[in-house]
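Undergrad: Protein chains in written order, with this note's numbering: chain R, 845 to 1048; chain B, 845 to 1048; chain C, 845 to 1048; chain U, 845 to 1048.
C-beta atoms are modelled at their ideal positions from N, C-alpha and C, and glycine is treated no differently.
First, the structure itself, so that you have it in front of you.
Protein chains: 4
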Amino acid sequence: MPKNVDHEQRREELLAAVWAVIARDGLEKATIRSLAKETGWSSGVLAHYFADKDDILASALRLALERIEERWDEKLAGLTGLAALRELVLDNLPLDDDREQETRFLMNYWSRSIRQGPSEDEHTWRRGPLLVDRLAALVAEGQEAGEVVGGDPNDLAERLLALIDGLSLHALLDPQRVTRERQVALAEQELGRLSVGQSQGERR
Amino acid sequence: MPKNVDHEQRREELLAAVWAVIARDGLEKATIRSLAKETGWSSGVLAHYFADKDDILASALRLALERIEERWDEKLAGLTGLAALRELVLDNLPLDDDREQETRFLMNYWSRSIRQGPSEDEHTWRRGPLLVDRLAALVAEGQEAGEVVGGDPNDLAERLLALIDGLSLHALLDPQRVTRERQVALAEQELGRLSVGQSQGERR
Amino acid sequence: MPKNVDHEQRREELLAAVWAVIARDGLEKATIRSLAKETGWSSGVLAHYFADKDDILASALRLALERIEERWDEKLAGLTGLAALRELVLDNLPLDDDREQETRFLMNYWSRSIRQGPSEDEHTWRRGPLLVDRLAALVAEGQEAGEVVGGDPNDLAERLLALIDGLSLHALLDPQRVTRERQVALAEQELGRLSVGQSQGERR
Amino acid sequence: MPKNVDHEQRREELLAAVWAVIARDGLEKATIRSLAKETGWSSGVLAHYFADKDDILASALRLALERIEERWDEKLAGLTGLAALRELVLDNLPLDDDREQETRFLMNYWSRSIRQGPSEDEHTWRRGPLLVDRLAALVAEGQEAGEVVGGDPNDLAERLLALIDGLSLHALLDPQRVTRERQVALAEQELGRLSVGQSQGERR
DNA sequence: CATGAATGAGTGTTCATTCAT
DNA sequence: TATGAATGAACACTCATTCAT
């Protein structure tokens, strides 16, 4: 009777180490050897559970994206319109160590994708489309509820997404200038602009 | 009797080739050999004029940033306030092939910078501080002229910068969704919001 | 209570799969994994029934040689002298797909044997001695019957064997030049030379 | 001014080591590392002078074949017909250490070719066509001179080639049985058969 | 008896770096 | 000053082998 190993579970265990290495050291430091070392297993075990290095990296991303989506679902449960929008925006900024790691992790793939051109798995590789759609839906919801100012929901969402990722990028590049508090403040300003009632606030 | 070679000039000549390779083939295709081949010199010459590969890449970035600043100076010459702001924002989006290459080039360094933590040359490695300061100055200028809505100029600039880089990122990641036209439209929307007179446009 | 497994029978079953893989894909494609896959068993089972990979390959050869000898016995049953000689020569040429596979299979071992020097199992590894002795015996038989021309039977046999293996080699190396028809024709020519009555045919 | 290395000469120097390793240890022991060790250089130097491992092996073969042809030209200079044929046959048997090494070397490629199917360089990979053509030409020449018995020169040559390679193979596989003296004797018998006057000798 | 998880050495290849010329 | 020969470590990947279950 063979050693009983749950393949899927083992894969996830390994991918957790992959995630850690990539977020900490970057995609180019993520060699088979360094990944194996991080997992605590030998390098051969990675060959066992994944087809090749590309499969490892793609699987790590896929798992990360799945978990992010699950987190969104949890956080947005019970919320609608502007409140949900606010939650989603703030959830996607690197406001704590975990999400900073997450951003760092994802940024590696963005950069890779830009460098190498989209790979065949590209559609699973990008949270962009997923997030922008959610944002647009919530904007539209908020508009219907009279909470959010007018305008094309897709455009508003796209600008929100740009703000989120631009801010995330700058937070990692220059944490001194773009502190976590600053990110929150800037995000709140933007959300304020979108809110029907408060939109005059900043304006004076 | 040494040949009279202007080191600085030769370095710039070499860096131009480096730039070309990186923008064309990406950072990971930029091997010493490929760079040497592009310059037309032997690989040893790169060792001569630069400490190591990192020095080459950092120097290429430094040069690129200098040239970008020069371009800003040219483009903004004679413009002030909102008009200058508009010019600066649009100049920093990847709206033509050259600037797309430029964005790609810079993005390579951002991801490197994020990975490795700030290097000693860090201050020269980031256009962020430079650009955000210019943006803030122009916002303030516009506010004084009554063209731009109120609010902390630094915050407004920071949000503009986030929009610029977020949009740039998405334009490279998903050129289908974020076309050049769309970038312009979104940037104009944002500028419209900042303009005193037009700010109500989108609102209702 | 161990399952009742006939070791020898199981080994032969496994070796049949080994043979199939080697003849089909060549010796270098014969990895433990590919062999295991072909057998339908796990890789561990091969480790169970054989000492190591070398043992697997040597055993496969031994089995193949045994089967070849059995085939000789069948084919030569009832034949003597020149007729038997003719049968034996033609039987050892790669004149159909099965025997081509067989030749390929054996050739893999020849080159191995040449490389590594004779192994301890060497005597079982070579059909040469076996075949040349049979050939010599049949030549002598034919000479006694007055069917075969004179000369040292061992020398005649050795030359016949060289022809057989040289032709086999060339048939695999250059099937265009040394077709199956050509092999038969050449073998018949050689046999004709050995025949007492027909030996003048080609001559003048 | 660069270190002045004659590329072609260095390649030949390296290929001599390649030749030695292959003839001694076989094609599968010929790893980049073992080859480098034999040359006395580091492994990187092989990458310098050859595109990849295939290029190394193919170049080694090509060089060997060129040298063999040159040797033929030298040995056959001034000879014609049967005398030349005799020289060529005997030259292609592993009758001394050098030619034994040569045979061992070539046999590795034959075996590889059989295993893997012909590669794209295949036409340069086989001495068969070259040698068989020379043999056929000399047979025809001998026939015209009345030295050689009748029959299709191509068939006679093909049988001679089979004898040569079959004998070479057996000499390496079983040097005890097929000694160098025996090879000469067997070759002479075959040549005797081809000779017009002596062909009756062995017969009675 | 049988499994397949795990190991780790070995493969071809790439590449930054050094340095004699 | 400039060359490119040479080094050797690092890479992804393959595979025979071991062994807990």
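Give me the subset of the region 991 to 1013 of chain B whose CB atoms are less than 8 angstroms from a CB atom of chain R, sorted by chain position.
TA: 993, 994, 995, 999, 1002, 1003, 1005, 1006, 1007, 1008, 1009, 1010, 1011 and 1013
Undergrad: Given a limit of 8 angstroms on CB to CB distance, which residues of the region 1022 to 1039 of chain C reach chain U?
TA: 1022, 1026, 1029, 1030, 1033, 1034 and 1037
Undergrad: Can you name, in chain order, every residue of its own chain whose Cβ lies under 8 angstroms from the Cβ of residue 886 (chain B), other than the five neighbours on each side?
TA: Apart from the 5 residues on each side of it in sequence, residue 886 (chain B) sits with its Cβ closer than 8 angstroms to the Cβ of 880 in its chain, given in chain order.
Undergrad: Answer with yes or no whether the minimum CB distance from residue 870 (chain R) to chain B is below 8 angstroms.
TA: yes
Undergrad: Since I believe residue 995 (chain R) is in contact with residue 1040 (chain R) (beta carbons under 8 angstroms), could you give me their beta-carbon distance rounded to a whole number of angstroms?
TA: That pair is no contact at about 12 angstroms.
Undergrad: Where residue 909 (chain C) and residue 848 (chain R) are concerned, what is the direct C-alpha to C-alpha distance, given to the nearest angstrom?
TA: Rounded to whole angstroms, residue 909 (chain C) to residue 848 (chain R) spans 41 angstroms at the Cα level.
Undergrad: Is the Cβ-Cβ distance between residue 882 (chain C) and residue 864 (chain C) less than 8 angstroms?
TA: Annotated as proximal: residue 882 (chain C) and residue 864 (chain C), with beta-carbon spacing under 8 angstroms.
Undergrad: Between which two residues does the alpha helix (DSSP H) harbouring residue 889 (chain U) extend?
TA: 887 to 893
Undergrad: In terms of alpha-carbon separation, which member of B:953, B:935 and B:929 lies closest to residue 874 (chain B)?
TA: B:953
Undergrad: Please report whether the beta-carbon of residue 1017 (chain B) lies at a distance below 8 angstroms from any beta-carbon of chain R.
TA: yes
Undergrad: When the Cα atoms are used, what is the spatial distance from residue 933 (chain U) to residue 926 (chain U)?
TA: 10 angstroms
Undergrad: Applying the criterion that 16 or more other CB atoms from any shown protein chain within 10 Å of the CB defines a buried residue, is residue 1037 (chain C) buried or exposed?
TA: buried
Undergrad: Beta carbon of residue 904 (chain R), beta carbon of residue 866 (chain R): below 8 angstroms?
TA: yes
Undergrad: What is the rounded straight-line gap between the Cα of residue 924 (chain C) and the Cα of residue 1032 (chain C)?
TA: 17 angstroms
Undergrad: Label residue 947 (chain U) either buried or exposed according to how many other C-beta atoms from any shown protein chain fall within 10 Å of its C-beta, with 16 as the threshold for buried.
TA: So residue 947 (chain U) counts as buried.
Undergrad: How about residue 939 (chain B) and residue 1021 (chain B): are their beta carbons less than 8 angstroms apart?
TA: Contact: no.
Undergrad: Output needed in chain order: residues of the region 920 to 948 of chain U with a Cβ under 8 angstroms from some Cβ in chain C.
TA: 948
Undergrad: When you compare the CB of residue 855 (chain C) with every CB in chain U, is at least one pair closer than 8 angstroms?
TA: no
Undergrad: How would you write the range of the alpha helix (DSSP H) that residue 1024 (chain U) sits in, first residue to last?
TA: Taken as a continuous stretch (DSSP letters only), the alpha helix (DSSP H) holding residue 1024 (chain U) covers 1024 to 1038.
Undergrad: Give a yes or no on whether 8 angstroms exceeds the smallest Cβ distance from residue 978 (chain C) to chain U.
TA: With a threshold of 8 angstroms between beta carbons, residue 978 (chain C) makes no contact with chain U.
Undergrad: Identify which residue in B:914, B:1008 and B:877 has its Cα closest to the Cα of residue 930 (chain B).
TA: For the options B:914, B:1008 and B:877, the alpha carbon positioned closest to that of residue 930 (chain B) is the one of B:1008.
Undergrad: Please give the ranges of any beta strand (DSSP E) in the region 872 to 944 of chain R, keeping only runs that are unbroken, at least 3 residues long and fully inside the region.
TA: none
Undergrad: Rounded to whole angstroms, what is the Cα-Cα separation between residue 1003 (chain R) and residue 1019 (chain R)?
TA: 22 angstroms
Undergrad: Counting only beta-carbon separations shorter than 8 angstroms, does residue 954 (chain C) have a partner in chain U?
TA: yes
Undergrad: Measure from the alpha carbon of residue 1030 (chain B) to the alpha carbon of each residue in R:1026, R:999 and R:1016, then state which is nearest.
TA: Measuring from the Cα of residue 1030 (chain B), the nearest candidate turns out to be R:999.
Undergrad: At least one CB of chain R closer than 8 angstroms to the CB of residue 912 (chain B): is that the case?
TA: At a cut-off of 8 angstroms between beta carbons, residue 912 (chain B) makes no contact with chain R.
Undergrad: For a contact meaning CB atoms closer than 7 angstroms, what does residue 958 (chain B) contact in chain R?
TA: 948, 951, 1016 and 1017
Undergrad: My output table needs one value for residue 992 (chain B): the three-state DSSP class, helix, strand or coil.
TA: strand
Undergrad: Please state the DSSP three-state secondary structure of residue 1020 (chain U).
TA: coil
Undergrad: Relative to the C-alpha of residue 986 (chain R), which candidate in R:1017, R:997 and R:899 has its C-alpha closest?
TA: R:997
Undergrad: Can you tell which of C:912, C:918, C:872 and C:859 has its C-alpha closest to the C-alpha of residue 891 (chain C)?
TA: Here the closest residue by C-alpha is C:859.
Undergrad: Mind checking which residues open and close the alpha helix (DSSP H) that includes residue 850 (chain B)?
TA: Note, residue 850 (chain B): premise wrong, no alpha helix (DSSP H); not H, not E.
Undergrad: Is DSSP giving residue 870 (chain C) helix, strand or coil here?
TA: coil
Undergrad: Quick one: residues in its chain with C-beta nearer than 8 angstroms to the C-beta of residue 855 (chain B), no 5 flanking neighbours on either side, listed in chain order?
TA: Sequence-distant Cβ neighbours of residue 855 (chain B) in its own chain, meaning closer than 8 angstroms and more than five residues away, are 893, 894 and 903.
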